[in-house]
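If you read the sequences in order, they're chains F and Z. Taking UniProt numbering, the leading residue of the first sequence gets 1, the next gets one more, and so forth. Taking UniProt numbering, the leading residue of the second sequence gets 1, the next gets one more, and so forth. We treat Cβ as the ideally placed atom computed from N, Cα and C, and that holds for glycine. Remember, it's a predicted structure, so these values are computed and weren't measured experimentally.
2 protein chains.
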Amino acid sequence: MASPAALADYSSRRGSLIADDRSMRREFTHANAQSDKEIKADKIIRKIRALEAETIWREDHPDVKHPFPGMEFLTGKSIIMKTRIFEILSKMPKGALLHSHLDATVNAEYLLDLALKHPFMHIRLQQPLTAETLSSNIPVFRALPAAYFTNHTSLMSAEVGSWISLQNARNSFPSDFGGVKGFDKWVIGSLTINPTEAYDTHNTVEKIWQKFTGIFLTSAGLIRVQPIWLEYIKQFFRSSVDDGVSYVEARINFLPKFMVGSDGQENIPHREWLLLFEQALKDVKEEFAQQGRGHEFIGAKIIYSTIRAITPEELDWYTEDCIALKKEFPHLIIGFDLVGPENAMKPLIYYIEPLLRFRTRVEEEGLDIPFIFHAGETLGDGTEADVNLYDAILLGTKRIGHGYSLFKHPKLVDICRRESIAVEVCPISNEILRLTSSMLMHPLPALLNNGVPIALCSDDPAVFGNMGLTFDYYQVFVASEINGLSTLASLARDSIQFSMMDAQEKAQATAVFEQRWAAFVDYVLTCEV
Amino acid sequence: MASPAALADYSSRRGSLIADDRSMRREFTHANAQSDKEIKADKIIRKIRALEAETIWREDHPDVKHPFPGMEFLTGKSIIMKTRIFEILSKMPKGALLHSHLDATVNAEYLLDLALKHPFMHIRLQQPLTAETLSSNIPVFRALPAAYFTNHTSLMSAEVGSWISLQNARNSFPSDFGGVKGFDKWVIGSLTINPTEAYDTHNTVEKIWQKFTGIFLTSAGLIRVQPIWLEYIKQFFRSSVDDGVSYVEARINFLPKFMVGSDGQENIPHREWLLLFEQALKDVKEEFAQQGRGHEFIGAKIIYSTIRAITPEELDWYTEDCIALKKEFPHLIIGFDLVGPENAMKPLIYYIEPLLRFRTRVEEEGLDIPFIFHAGETLGDGTEADVNLYDAILLGTKRIGHGYSLFKHPKLVDICRRESIAVEVCPISNEILRLTSSMLMHPLPALLNNGVPIALCSDDPAVFGNMGLTFDYYQVFVASEINGLSTLASLARDSIQFSMMDAQEKAQATAVFEQRWAAFVDYVLTCEV
Chain F
1 MASPAALADY SSRRGSLIAD DRSMRREFTH ANAQSDKEIK ADKIIRKIRA
51 LEAETIWRED HPDVKHPFPG MEFLTGKSII MKTRIFEILS KMPKGALLHS
101 HLDATVNAEY LLDLALKHPF MHIRLQQPLT AETLSSNIPV FRALPAAYFT
151 NHTSLMSAEV GSWISLQNAR NSFPSDFGGV KGFDKWVIGS LTINPTEAYD
201 THNTVEKIWQ KFTGIFLTSA GLIRVQPIWL EYIKQFFRSS VDDGVSYVEA
251 RINFLPKFMV GSDGQENIPH REWLLLFEQA LKDVKEEFAQ QGRGHEFIGA
301 KIIYSTIRAI TPEELDWYTE DCIALKKEFP HLIIGFDLVG PENAMKPLIY
351 YIEPLLRFRT RVEEEGLDIP FIFHAGETLG DGTEADVNLY DAILLGTKRI
401 GHGYSLFKHP KLVDICRRES IAVEVCPISN EILRLTSSML MHPLPALLNN
451 GVPIALCSDD PAVFGNMGLT FDYYQVFVAS EINGLSTLAS LARDSIQFSM
501 MDAQEKAQAT AVFEQRWAAF VDYVLTCEV
Chain Z
1 MASPAALADY SSRRGSLIAD DRSMRREFTH ANAQSDKEIK ADKIIRKIRA
51 LEAETIWRED HPDVKHPFPG MEFLTGKSII MKTRIFEILS KMPKGALLHS
101 HLDATVNAEY LLDLALKHPF MHIRLQQPLT AETLSSNIPV FRALPAAYFT
151 NHTSLMSAEV GSWISLQNAR NSFPSDFGGV KGFDKWVIGS LTINPTEAYD
201 THNTVEKIWQ KFTGIFLTSA GLIRVQPIWL EYIKQFFRSS VDDGVSYVEA
251 RINFLPKFMV GSDGQENIPH REWLLLFEQA LKDVKEEFAQ QGRGHEFIGA
301 KIIYSTIRAI TPEELDWYTE DCIALKKEFP HLIIGFDLVG PENAMKPLIY
351 YIEPLLRFRT RVEEEGLDIP FIFHAGETLG DGTEADVNLY DAILLGTKRI
401 GHGYSLFKHP KLVDICRRES IAVEVCPISN EILRLTSSML MHPLPALLNN
451 GVPIALCSDD PAVFGNMGLT FDYYQVFVAS EINGLSTLAS LARDSIQFSM
501 MDAQEKAQAT AVFEQRWAAF VDYVLTCEV
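Here it is, written out as C-alpha cells:
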C-alpha cells in the first residue's frame with residue numbers, strides 16, 4: 001500500500017527538508033567547495049570518530065566514572081589524549097585564536113619555571129601551612145624591591161604573612177608535604193581548576209567563578225612582572241603556533257595602571273606593556289623565521305580590556321587611555337572590551353554614557369577601535385548578563401565573546417547572521433565554568449545551523465588545561481554527527497575572516513591557511529582506519 | 001558628550017530591539033490582553049520569586065549541596081515544597097496534561113496499597129535478599145491464578161524465584177531489613193528513580209534510561225491487572241484534577257496484547273482496556289460531580305502507543321489494532337505514537353513503510369488518527385533520535401513529544417510556529433533523564449522566544465516524583481526572569497488549544513479555564529509579600 005512512488009516522494013521531501021534546515025551552515029557558504037580528497041578525508045575521520053566512540057569511550061577507565069565523547073573535559077582529558085582523533089586534530093591548521101585572556105594563556109608549570117629564575121620573586125602565606133589544608137591555602141606572589149628581601153629560608157619557619165624568596169620556599173618545602181615536587185603541585189593547584197572543584201565542591205556557575213577569579217589574583221603576582229611578562233607572552237605565541245594557530249587577538253586586562261618592574265617597583269605603565277608585547281612579537285617571529293616556519297606565525301594584536309566592576313567615571317579614564325595607546329600603537333590595539341563575571345558584575349547598560357562618549361571620541365579622533373564585547377556568558381534568561389547581548393549589538397560590537405545565551409534570541413541570531421557578527425565560542429571554558437555539563441548540552445549546534453559565524457576559542461587555557469585549540473576542536477567534533485571535516489575548515493576560516501587583521505594580513509593568513517589545510521587533508525588521507 | 005538626545009535615542013532603540021526579539025512569544029499572541037489585576041498579580045509573584053531566590057535558595061540546607069532555583073529536581077524537591085511560589089502555583093489552573101505515560105502516573109505508595117488489597121498479587125526475588133544489595137535487588141510482581149498460589153510465608157524462607165503472596169511477603173519482611181516499612185521502601189525504590197541514581201551512579205542519558213526502562217518492566221506486574229488498572233486510572237484522574245489539570249491525553253503502551261485478569265490469566269484484550277478506561281472516566285466524573293466539582297474535570301483521551309523496538313511487520317498489526325479500536329471508541333483514541341528510548345531504539349524512518357501505509361488506511365477508513373510522535377528526546381546532533389524530528393514533521397505529527405533537540409533546527413522551529421505544531425515539553429523528565437543538568441540549561445527559552453506553542457508535561461510523574469503539573473511549572477517559572485504570570489497563562493492556554501479535544505470540549509475547557517484563571521489571579525492578589 002506504501003507504493004514505491006510514495007516512498008520515493010517521501011525520501012525526496014525528506015532530503016530537501018534536511019538540506020534546507022542545514023542550508024545556512026557556513027561550511028556551505030564558504031567559497032571553497034569540498035574537493036574529492038576532502039570528501040575522502042571526511043569519511044576517514046568520521047569512521048575513526050565512530051570507532052573510538054565504541055571502543056576507547058566505552059572501555060573501563062578506572063579514574064573516569066562515566067566516559068563518553070564530549071564529556072567533562074577535566075575528567076575526560078586523559079582519554080581524549082589517547083585518541084587518534086586528538087592526534088589528527090593536533091596537526092590541523094586552526095587559523096586565528098580570537099578569544100583568550102593573556103593572563104591565562106601559558107601553562108602554570110612554565111610560568112612557575114619562569115618565576116623561579118628570578119631571585120626577586122617572593123611568596124607568602126595567608127594562613128599557616130598544614131598538610132590537610134594545603135590545597136585551599138592560596139599563596140601570594142610578588143616581585144620585591146631588593147630592600148625588602150628577607151633572610152627567611154623556609155615557609156615553615158617564617159611567620160604567616162612574611163615574604164620569602166620563591167626559590168628558598170621551594171627548595172625548603174617540607175618533605176612531608178612532598179618537597180620540591182609537592183611545592184610545584186601546590187603552586188600549580190592554586191593556578192588551575194581541578195576536576196573536584198569543577199564537578200563537586202564548586203559545581204555551580206557562581207561557585208566556580210569564585211575559584212576562577214581568585215586564580216587571576218594569584219597569578220598576577222607571577223605574571224605581571226616586566227621580565228617575566230615578556231617571556232610569558234613569547235611562550236604564549238610559541239605554544240599557539242605549535243598547535244596550528246597562526247594569529248592571536250589577546251584580551252589584556254589594563255585595570256592595574258602599572259606592572260612591576262625588575263626593581264620590584266610597580267612602575268611600568270601601559271605604553272611600556274605594549275612595547276614589551278611588540279618586542280615579544282618581533283622575537284618570536286624571528287625564532288620561527290630561523291626555523292623556516294616564518295609563515296606559520298602571522299602575528300598578534302590586543303583587545304584593550306578593563307573590568308566591569310569600575311564606576312562609569314573610572315571607565316572614562318580607561319577609554320581615554322585606550323585612545324592614547326591606539327594612537328601610538330595603531331597596529332596593536334584593535335578593540336575594546338569589558339571583562340569579568342557577567343552574572344556578578346555590572347551590565348553594559350550601566351556604562352552606557354561612557355561607552356557612547358567613547359564612540360564619539362573615537363570618531364572625533366578618526367580612529368577605529370570597535371567594541372568586541374563579552375556578552376551572554378550566562379545561564380540567565382532575561383537577566384542582566386543575558387540582556388548584555390542586546391547592548392553589545394546595539395553598541396555595534398564586531399564580535400561577541402561567548403554569546404552563550406544567544407541561541408535563545410531569534411532576532412539577535414538573525415542580526416548576527418545578516419550583519420556578520422561572529423561569536424567567539426569557548427566550549428571547554430563554558431563547560432568548566434558550569435554553563436553546560438558536557439559538550440552534548442552546549443547550544444553551539446543551534447548557532448551553526450543558524451549560520452552564525454563562529455570562531456572556537458580557548459579563553460583561559462592555563463586555568464582549564466586546554467592549551468592551544470586542539471582540545472576545543474576535539475570536543476566540538478566528537479559531540480555531533482553533523483560536524484565533519486568541512487565544519488572544522490569552516491570554523492578555522494571564520495576565525496581568520498572575522499579577525500581584526502587588515503586586508504593584507506588576512507589575505508596572507510588565508511593563503512597560508514589554505515596551503516596548510518591542503519597538506520592536512522593529505523595527511524588525513526594517510527590515516528588508516 | 002553623550003547627550004540626553006543620544007541617550008534617549010539609544011534607550012528607544014534598545015526597547016524596540018528587546019520587544020522585537022520577544023515579539024513571537026505566545027503570551028502576546030493569545031487574544032487575552034493582561035488585565036490590571038493580572039499586571040498587579042504578576043508583580044507580586046515576581047517579587048516573591050526574587051525574594052525566595054535570595055532567601056530560601058541561598059540558605060544552608062544540610063542535605064542539599066548546591067541549592068539554586070531550577071536545580072536538580074530530586075535534590076531540590078524538599079526546598080521547592082517549602083516555597084510560597086510552589087504553594088501559589090499549586091492553586092493555578094493548568095489546563096490539559098498532554099504528555100504522560102499511563103503506567104507512570106500514580107504514585108508508587110498508592111499503587112502498592114492498591115496491589116496489597118488483592119490476595120492474588122505475588123512477588124518473587126531474582127537474587128537472594130541481603131541488606132547490602134537490597135536497593136539493587138529488583139523484585140518481580142504478578143497476579144497469579146489460584147492454582148499457582150504457594151504457602152510460602154516469607155521471602156527469606158522461599159527459594160529465589162518462588163512466588164509468594166505480596167501480603168505475606170510484606171508482613172514477614174525481616175525486621176533487620178526494616179520490617180513492613182522496609183518492605184514498602186524497598187518496593188517503592190524499585191519503582192522510582194532516586195537522587196543517587198540520577199546524579200551519581202547512573203549520571204548519563206544511557207545509564208539512567210537503563211534504570212528507567214527497568215522500572216516499567218517491574219511496575220507492569222502491579223499495574224496491568226484488571227481490577228488494579230481500573231483503580232489506578234481513577235487515581236490518575238483524581239490526582240490530576242486535584243492539581244488543577246482539567247483534561248488528560250495519556251499514552252498507553254499497547255505492546256502487550258493482553259493484561260492479566262482477576263483470575264490471574266493474561267486474557268484481557270485491548271478493547272476491554274478501553275472499556276475499563278471509559279468506566280474510570282465515568283466513575284471519576286461522577287465523583288467530582290457529587291462534590292460539586294464536575295466542571296473541574298473535562299475528560300481524558302488516549303494516544304495509542306507501541307514500542308519502537310518491534311519490526312515494521314509487527315507494526316502493521318498494531319496500526320490495524322489502533323484502527324479497530326478507533327472505530328469502536330472514536331471519542332477515546334485520538335492519536336498514534338511510538339515510544340521507548342529514542343537513542344537506543346529504532347528511528348521513525350525504520351518504520352516508514354508501515355507508517356505511510358497506516359496513513360493511507362486511516363484515510364480509506366475515513367478516520368482521524370493523527371500521529372503525535374515522540375521525537376528529538378536526545379542530546380544527539382544529527383543522530384537518528386535527532387533526525388526523528390524531520391520524520392515526525394514530514395509525517396504530519398500534530399504535536400511533538402519532547403522535541404528536546406528542536407531548538408537546534410531553524411527550519412523546523414519555523415515550521416512548528418507557522419503550522420502550529422505544539423511541543424510537549426517535559427522539564428523535570430528531561431533533567432532526571434540527564435538531557436539537561438538543571439532547568440537553567442534547558443532550551444525551553446529558545447522555543448518560547450521563537451513562538452513555538454508549548455504545553456508543559458510531567459511525562460512519568462510516578463517515577464520522577466513530579467506528580468501533577470505544579471512541579472514542572474515551578475521549575476520553568478523560577479528559571480527565567482522573562483517568564484511571568486502571562487507566560488504561565490499562555491502555557492496553560494496552549495495545552496488546551498493544542499489538545500485533541502473536539503471543538504465543543506475545547507470551548508468548555510476554555511470557558512472553565514478562564515473562569516478559574518480569574519479566580520487564581522484574585523488569589524495571587526491576596527498573597528502578601
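Cut-off 8 Å between Cβ atoms - residues of its own chain near residue i, not counting five sequence neighbours on either side
{"i": "Pro227/F", "result": "His118, Ser262"}
{"i": "Val205/Z", "result": "Asn343, Thr378, Leu379, Leu433, Arg434, Leu435"}
{"i": "Leu74/F", "result": "Ile193, Asn194, Pro195, Ala198, Tyr199, Ile432, Phe464, Gly465"}
{"i": "Leu285/F", "result": "Leu is not the amino acid found at residue 285/F; the sequence shown has Lys there. Excluding sequence neighbours, Lys285/F sits near Gly294, Phe297, Gly299."}
{"i": "Pro312/F", "result": "Tyr350, Tyr351, Glu353, Pro354"}
{"i": "Leu269/Z", "result": "One detail in the question is off: residue 269/Z reads as Pro in this sequence, not Leu. Same-chain partners within the cutoff: Lys257, Phe258."}
Own chain, CB closer than 7 Å to residue i, minus 5 neighbours either side, in chain order
{"i": "Tyr110/F", "result": "Gln235"}
{"i": "His409/Z", "result": "Leu389"}
{"i": "Lys211/F", "result": "Ile193, Glu197, His202"}
{"i": "Ile496/F", "result": "Gly95, Ala96, Lys506, Ala509, Thr510, Phe513"}
Contacts that residue i makes with chain Z (C-beta to C-beta distance below 7 Å)
{"i": "Pro410/F", "result": "Asp21, Met24, Asn449, Asn450"}
{"i": "Ala479/F", "result": "Asp381"}
{"i": "Ile482/F", "result": "Asp381, Gly382"}
Own chain residues within Cβ distance below 6 Å of residue i, not counting five before or after
{"i": "His30/F", "result": "Ser490, Arg493"}
{"i": "Ala479/F", "result": "Gly70, Met439, Leu440"}
{"i": "Tyr148/F", "result": "none"}
{"i": "Asn168/Z", "result": "Thr153"}
Interface residues of chain F facing residue i [CB-CB closer than 7 Å]
{"i": "Asp42/Z", "result": "Residues of chain F passing the Cβ test: none, with the nearest at roughly 14 Å."}
{"i": "Pro445/Z", "result": "Asp381, Lys408"}
{"i": "Ala6/Z", "result": "Leu356"}
{"i": "Tyr523/Z", "result": "Residues of chain F passing the Cβ test: none, with the nearest at roughly 25 Å."}
8 Å Cβ cut-off: residues of chain F touching residue i
{"i": "His66/Z", "result": "Asn203, Thr204, Lys207"}
{"i": "Tyr10/Z", "result": "Ile352, Leu356, Leu394"}
Residue i at chain F interface by Cβ criterion, 8 Å
{"i": "Thr436/Z", "result": "yes"}
{"i": "Glu313/Z", "result": "no"}
{"i": "Met441/Z", "result": "yes"}
{"i": "Leu338/Z", "result": "no"}
Proximal residues of chain F, C-beta to C-beta of residue i below 9 Å
{"i": "Phe183/Z", "result": "Here the premise fails: no neighbours, minimum Cβ distance about 32 Å."}
Residues that residue i contacts on chain Z, provided the C-beta gap is smaller than 8 Å
{"i": "residue 532/F", "result": "Residue 532/F lies beyond the residue range present for chain F, which begins at 1 and ends at 529; the question has no answer from this structure."}
Inset, instruction - Just list the beta strand (DSSP E) runs in the region 414-479 of chain F, keeping only unbroken ones of 3 residues or longer that don't cross its boundaries, in chain order. - result: Runs of the beta strand (DSSP E) lying entirely within the region 414-479 of chain F, each at least 3 residues long, are 422-425, 454-456 in chain order.
Legend entry - Length-filtered (3 minimum) beta strand (DSSP E) runs lying within the region 282-312 of chain F: 299-307
Legend entry - the region 317-333 of chain F / the region 121-129 of chain F touching (three or more Cβ pairs under 8 Å): no
Legend entry - Entirely enclosed beta strand (DSSP E) segments - the region 113-180 of chain Z, minimum 3 residues: 121-124, 140-143, all fully within the region 113-180 of chain Z.
Inset, instruction - Say whether the region 236-253 of chain F touches the region 83-96 of chain F, bearing in mind that this needs 3 or more beta-carbon pairs closer than 8 Å, one atom from each stretch. - result: yes
Inset, instruction - Report the residue ranges of all alpha helix (DSSP H) runs contained in full by the region 58-96 of chain F; include only those spanning at least 4 residues, in chain order. - result: 73-80, 84-90
Inset, instruction - Could you tell me whether the region 302-317 of chain F touches the region 245-260 of chain F, using the rule of 3 or more Cβ pairs below 8 Å? - result: yes
Inset, instruction - Give a yes or no on contact between the region 469-483 of chain Z and the region 442-452 of chain Z, applying the rule of three or more CB pairs nearer than 8 Å. - result: These segments touch.
Legend entry - Validate contact between the region 406-421 of chain Z and the region 165-177 of chain Z using beta carbons, cut 8 Å, 3 pairs: no
Inset, instruction - Pick out the complete alpha helix (DSSP H) segments inside the region 7-62 of chain Z, 4 residues or longer, and give them in chain order. - result: 26-29, 36-54
Inset, instruction - Let me know the alpha helix (DSSP H) ranges lying completely inside the region 325-390 of chain Z, each 4 residues or longer, listed in chain order. - result: List check, alpha helix (DSSP H) in window: 352-364.
Inset, instruction - Decide if the region 72-91 of chain F is in contact with the region 211-222 of chain F; the criterion is three or more beta carbon pairs, one per stretch, under 8 Å apart. - result: Verdict: no, contact absent.
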